[in-house]
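Each remark here refers to the structure printed beneath this line.
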Amino acid sequence: PSADLLLVGDAPGEEEDRCGEPFVGPAGQLLDRMIAALGLSRERVYITNVLKCRPPQNRQPQPEEVASCQGYLAAQIDQVKPTMIVALGRTAACWFTGQETSLANMRGQDHIWRGIPVVATYHPAFLLGQPQFKAACWHDLQRVIETLGLAPPGPRG
Numbered sequence: 278p279s280a281d282l283l284l285v286g287d288a289p290g291e292e293e294d295r296c297g298e299p300f301v302g303p304a305g306q307l308l309d310r311m312i313a314a315l316g317l318s319r320e321r322v323y324i325t326n327v328l329k330c331r332p333p334q335n336r337q338p339q340p341e342e343v344a345s346c347q348g349y350l351a352a353q354i355d356q357v358k359p360t361m362i363v364a365l366g367r368t369a370a371c372w373f374t375g376q377e378t379s380l381a382n383m384r385g386q387d388h389i390w391r392g393i394p395v396v397a398t399y400h401p402a403f404l405l406g407q408p409q410f411k412a413a414c415w416h417d418l419q420r421v422i423e424t425l426g427l428a429p430p431g432p433r434g
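As structure tokens, then:
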């Protein structure tokens with residue numbers, strides 16, 4: 278598989294674990310709308326997670342869990358050869374930046390992972406519970422539009 282844009286979340290949720298596909302539940306539906314707002318279809322992006330298995334009780338991934346999956350994620354990225362990466366959520370952002378800090382501290386900065394630009398933003402599951410952060414996420418996604426040279430989408434509705 279190859280794609281210009283790689284979206285990387287933290288870990289599968291309950292729906293994703295059941296289906297074996299990333300972002301198929303309510304967060305996936307929001308992600309589909311975000312992708313469409315960029316003027317892309319889901320088929321033009323590659324979507325994965327840092328963790329390949331759902332953590333118990335849907336808790337935040339532990340460092341040893343992230344470490345055990347990092348080789349697989351790096352291999353996926355090598356196969357996809359994206360032009361740009363969007364890290365969705367703190368776990369993904371920390372993995373790409375090597376920083377152990379809040380997502381707020383990583384947003385809006387220029388990050389590079391192995392020569393690939395990385396934008397850190399909120400995970401769609403977080404946005405479902407905290408919709409007041411959607412505008413900030415949209416601001417982050419504007420950088421994707423600029424970097425990939427996409428035509429800016431029309432007014433959002």
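In our numbering, the protein residues as written are 278 to 434.
Even glycine gets a Cβ: it sits at the ideal position worked out from N, Cα and C.
Integer-rounded CB distance, given that residue j should sit under 8 Å from residue i
i: Asn326; j: Glu291; result: Going by Cβ atoms, the distance from Asn326 to Glu291 rounds to 13 Å, so no, they are not a contact pair.
i: Leu245; j: Ala381; result: Outside the displayed range of the chain (278 to 434) lies residue 245, so it cannot be described from this structure.
Start and end residues, beta strand (DSSP E) containing residue i
i: Gly305; result: Element bounds for Gly305: not the beta strand (DSSP E) but the alpha helix (DSSP H), Pro303 to Ala314.
Start-to-end residues for the alpha helix (DSSP H) that takes in residue i
i: Val395; result: Run containing Val395: none in the alpha helix (DSSP H); it sits in the beta strand (DSSP E), Ile393 to Thr398.
i: Gln419; result: Lys411 to Leu425
i: Leu317; result: Neither: Leu317 is in no alpha helix (DSSP H) and is coded neither H nor E.
i: Pro401; result: Pro401 to Gly406
DSSP-derived helix/strand/coil call for residue i
i: Gly297; result: coil
i: Gly290; result: coil
i: Leu282; result: strand
i: Gly434; result: Residue placement at Gly434 is poorly supported in this model, since its pLDDT is 44, which falls under 50; the coordinates still yield a value, given next. It is coil, neither helix nor strand.
i: Val327; result: coil
i: Pro338; result: coil
Runs of alpha helix (DSSP H) wholly within the stretch 346-390 (minimum 4 residues, chain order): 367-374 and 380-383
The stretch 392-401 / the stretch 354-368 touching (three or more Cβ pairs under 8 Å): By the Cβ rule, the stretch 392-401 counts as touching the stretch 354-368, because three or more pairs are nearer than 8 Å.
contact_flag[the stretch 337-352, the stretch 299-306] where n(CB pairs < 8 Å) is 3 or more: no
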